[in-house]
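What follows is one structure encoded as structure tokens, with my remarks underneath.
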């Protein structure tokens, strides 16, 4: 009986532990500063100035004043292009929605192309006019 309880305890405590991020999710950990922003074919670099993306485990925070947001991040590096899903949790214009996207991670730069209105995942890194696509480039914050 004691062995069964010990085994059950080990099973419960090991499953309750959150797995460490791996692969690209691990590489995305940290604080990222906005460098470029294009929405629906228009340059919005100045409008997004000061925005930060902070990734911790499988959570993200967009730190941008009144337009800040929190949620979960999921990546699939096996897809071509690589897939990213941001599911918003808190507030902001995308509250409670999943933003499907693609990403490219190279050294200290990450490029995200997200669909802000539809469930369709972008297929290219472009935010053409009259589309709900956002093309965002972030650089890793230097410590």
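In the UniProt record's numbering, the protein residues as written are 1 to 143.
The C-beta atom is built at its ideal place from N, Cα and C for all residues, glycine as well.
Short Cβ contact (8 Å threshold) for residue 52 with residue 31: Against a cut-off of 8 Å, the Cβ pair of residue 31 and residue 52 comes out as a contact.
Helix, strand or coil at residue 46 [DSSP, three-state]: DSSP places residue 46 in the coil class of the three-state scheme, outside both helix and strand.
Same chain only: Cβ atoms within 7 Å of residue 115, ignoring 5 sequence neighbours per side: These residues qualify, in order along the chain: 99, 100, 101, 121, 122, 132, 133.
Where residue 134 sits in the DSSP three-state scheme: Taken through DSSP and simplified to helix, strand or coil, residue 134 comes out as strand.
Beta-carbon spacing of residue 41, residue 124 below 8 Å: Cβ distance not < 8 Å, so residue 41 and residue 124 don't count as in contact.
The alpha helix (DSSP H) enclosing residue 23, as first and last residue numbers: Where residue 23 is concerned, the enclosing alpha helix (DSSP H) stretches over 23 to 27.
Exposure of residue 12, with buried meaning 16 or more beta-carbon neighbours within 10 Å: Since pLDDT at residue 12 reaches only 35, below the 50 mark, its modelled position is unreliable, and the value read off the structure follows with that caveat. Residue 12 comes out exposed.
Integer-rounded CB distance, given that residue 75 should sit under 8 Å from residue 24: Confirmed, Cβ separation roughly 5 Å.
Proximal residues to residue 62 (C-beta, below 7 Å), its chain only, five neighbours per side dropped: Exclusion of the five residues before and after residue 62 leaves 51, 53, 68, 69 as the residues of its chain whose Cβ lies within less than 7 Å of its Cβ.
From 43, 33, 77, residue whose alpha carbon lies closest to that of residue 129: Nearest option by C-alpha distance: 43.
8 Å Cβ cutoff met for residue 104 and residue 33: At the C-beta level, residue 104 and residue 33 stay beyond 8 Å of one another.
Own chain, CB closer than 6 Å to residue 112, minus 5 neighbours either side, in chain order: These residues qualify, in order along the chain: 101, 103, 136.
Alpha carbon of residue 36 to alpha carbon of residue 59, nearest angstrom: Taking the straight line from one Cα to the other gives about 22 Å.
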